[in-house]
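Step one of this worksheet: look at the structure below.
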Amino acid sequence: MSLTDTSLAEHVDQIESRTAIAELFADYAHGCDKRQSPDRFLGIWHDDAKYMMGEPLGDRQGIDEIRQALRDIWALTDESHHWITNVVVRFTGADSAEADADTICYCKLADGPEVLVSGSYLVECERRDGQWKMAVCDLNVHWQKEIEFKLPETDAG
Amino acid sequence: MSLTDTSLAEHVDQIESRTAIAELFADYAHGCDKRQSPDRFLGIWHDDAKYMMGEPLGDRQGIDEIRQALRDIWALTDESHHWITNVVVRFTGADSAEADADTICYCKLADGPEVLVSGSYLVECERRDGQWKMAVCDLNVHWQKEIEFKLPETDAG
Amino acid sequence: MSLTDTSLAEHVDQIESRTAIAELFADYAHGCDKRQSPDRFLGIWHDDAKYMMGEPLGDRQGIDEIRQALRDIWALTDESHHWITNVVVRFTGADSAEADADTICYCKLADGPEVLVSGSYLVECERRDGQWKMAVCDLNVHWQKEIEFKLPETDAG
């Protein structure tokens, strides 16, 4: 080992940054799905962030439009569960990074069917005032498919 | 960088703790699903841990009741696969932390249908004798739904 | 804290190694599923790696056979999405480690049905020339099941 204290501190900083970025995705899921308050979801975004969802939800810019996006998601779905995996972080500077992730998501559409959604995220993260948050989140929905669960035939189970 | 060696060591300790906690969830899945031995699943719990599964499996306290819980899960299901994601760790002290995670789980019920289960975990972890383990695991099952897979029409594939 | 600088550096190195190994699984998913180029998938393997997929895809040895394996997967499926979770890393030396992970995977078979696949990975990773890559990946497919999604009845949604 030939790491100096300074470079050790830089390594540790990068590891902590990576964890913070991975937790942004987790907080995206918990914040969208638990629905107790918008704060957890809104906390992952910089004030001027871009949340690019594509059609039909469209692209949103700035925290006010993202707050509305969350309201829209909650209005369009009675329930959602994201399972986000495959996180990769690529640093592009001391305070900036790109991250990839994939999700499988269950939604109960409002007054509608249950669907599974397959999507991928490409995110630009920035550290400002010591906080890693999303500056750009580009969501690519591969498909949304209706799934028909079977009603149980008995009360057992 | 102005981190002293002492604080660097504390940062490293916290990163390692976070990883250890994340791996508790992974070992929960592998330990429950692989079914070679109860040891891997039992190894994630402190001796006096609480495993709160809600109905119908109920709440269990202490490693003996948790061992029985695992036997019950294995008796009720012929097969299970947990895919646990969205791990977030919040330290509440040097040796204590809360953690969130979500799972999508497939189960083949014993002599029954195949189901998908959506659940969330809220866990209190403690480090005792240098080992991070679960002290309380509160499982919230959002739903369990029967899924009907289609039998293949041909032998191909 | 009584960690010396040397042991601190070793701890940091191990944390970074763990992250690098976890990202191999993520790059496996992105590299197989995104299909822009084989490079991302091929980049996770050592030149002499073994990729043991079992029947029907069989076992492959060496980067050329793994390149062909990827071609085979892409020929057999029009689309795939892996959601890989439950990563556990066990170091067996300074430059070697075993890792576990599980996947739920969606595939659209070429000219065939849509399936869900449940699988587990047991991987031997080695660091050579400073790079962690897979030396052996043993994939255990628990099942592959046809899933029939429902076509939407209306254009809405």
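Residue numbers (the numbering used here), protein chains in the order written: chain V, 53 to 209; chain X, 53 to 209; chain P, 53 to 209. C-beta atoms are modelled at their ideal positions from N, C-alpha and C, and glycine is treated no differently.
* Per the contact definition of three or more C-beta pairs closer than 8 Å, is the segment 194 to 205 of chain X in contact with the segment 152 to 166 of chain X? -> yes
* Asked: From X:Lys102, X:Arg123, X:Asp154, pick the residue whose C-alpha is nearest to that of Asn192 (chain X); which is it?
  -> X:Asp154
* Would you mind reading off the limits of the beta strand (DSSP E) that contains Ala153 (chain X)? => 148 to 161
* Mind checking which residues open and close the beta strand (DSSP E) that includes Asp130 (chain V)? => 129 to 145
* To do: Measure the C-alpha to C-alpha separation of Asp57 (chain X) and Glu62 (chain P) and round it to an integer number of angstroms.
  => 14 Å
* To do: Using three-state DSSP, classify Leu94 (chain P) as helix, strand or coil.
  => helix
* **CA-to-CA distance, Asp100 (chain P) to Ile115 (chain P), given in whole angstroms** => 6 Å
* Minimum C-alpha distance to Glu166 (chain X) - residue among X:Tyr80, X:Glu131, X:Arg179, X:Ala146 -> X:Glu131
* Asked: Exposed or buried, which one is Glu142 (chain P) when buried takes at least 16 other CB atoms within 10 Å?
  -> A small fix is needed here, since residue 142 (chain P) is Arg in this sequence, not Glu. Exposed: under 16 other Cβ atoms inside 10 Å.
* Asked: Would a C-beta distance cut-off of 7 Å place Ile96 (chain X) and Tyr80 (chain X) closer than the cut-off?
  -> yes
* Output yes or no for whether 7 Å exceeds the beta carbon distance between Glu90 (chain X) and Leu122 (chain X). => For the sequence presented, residue 90 (chain X) should be read as Pro rather than Glu. Yes, the Cβ-Cβ distance between Pro90 (chain X) and Leu122 (chain X) is below 7 Å.
* Which same chain residues, not among the five before or five after Ala162 (chain P), have their C-beta less than 8 Å away from its C-beta? -> Ala127, Leu128, Thr129, Asp130
* Neighbourhood of Gly182 (chain V) by C-beta, 6 Å cutoff - its chain only, sequence neighbours within 5 removed -> none
* Cβ of Thr137 (chain V) within 7 Å of Cβ of Thr137 (chain X)? -> yes
* Is Asp85 (chain V) helix, strand or coil when you go by DSSP? -> helix
* To do: Establish whether the CB of Lys197 (chain V) and some CB of chain P are separated by less than 7 Å.
  => yes
* **Collapsed DSSP secondary structure at Asp57 (chain X) in the structure displayed** => helix
* To do: Look at the alpha carbon of Trp135 (chain V) and the alpha carbon of Arg119 (chain V), and state the distance between them as a whole number of angstroms.
  => 21 Å
* To do: Under 7 Å Cβ to Cβ from Asp85 (chain X), same chain only, skipping five residues before and after it: list those, please.
  => Ser132, His133, His134
* Compare the beta carbon distance of Asp147 (chain X) and Arg179 (chain X) with 7 Å and say whether it is the shorter of the two. => yes
* Terminal residues of the continuous beta strand (DSSP E) containing Leu168 (chain X)? -> 166 to 180
* Asked: Since Asp190 (chain V) meets chain P, which of its residues come closer than 9 Å, beta carbon to beta carbon?
  -> None at all; the shortest Cβ gap to chain P is about 14 Å.
* Mark Leu76 (chain P) as exposed unless 16 or more other C-beta atoms lie within 10 angstroms of its C-beta, in which case mark it buried. => buried
* Can a CB atom of chain P be found closer than 7 Å to the CB of Ile96 (chain X)? -> no
* Verify the CB distance criterion: does Ser69 (chain P) have a CB-CB separation below 7 Å to chain X? => no
* Apart from the five residues on each side of it in sequence, which residues of its chain come closer than 7 Å, Cβ to Cβ, to Arg87 (chain P)? -> Trp126
* How many Å lie between Pro108 (chain V) and Asp124 (chain V) at the Cα? -> 11 Å
* Short CB-CB distance (under 7 Å) between Trp126 (chain P) and chain V -> no
* To do: Give a yes or no on whether the minimum CB-CB distance between Val167 (chain P) and chain V is below 7 Å.
  => no
* Spatial neighbours of Met105 (chain X) within its chain, please: CB distance less than 6 Å, with the 5 preceding and 5 following residues excluded, ordered by chain position. => Leu191
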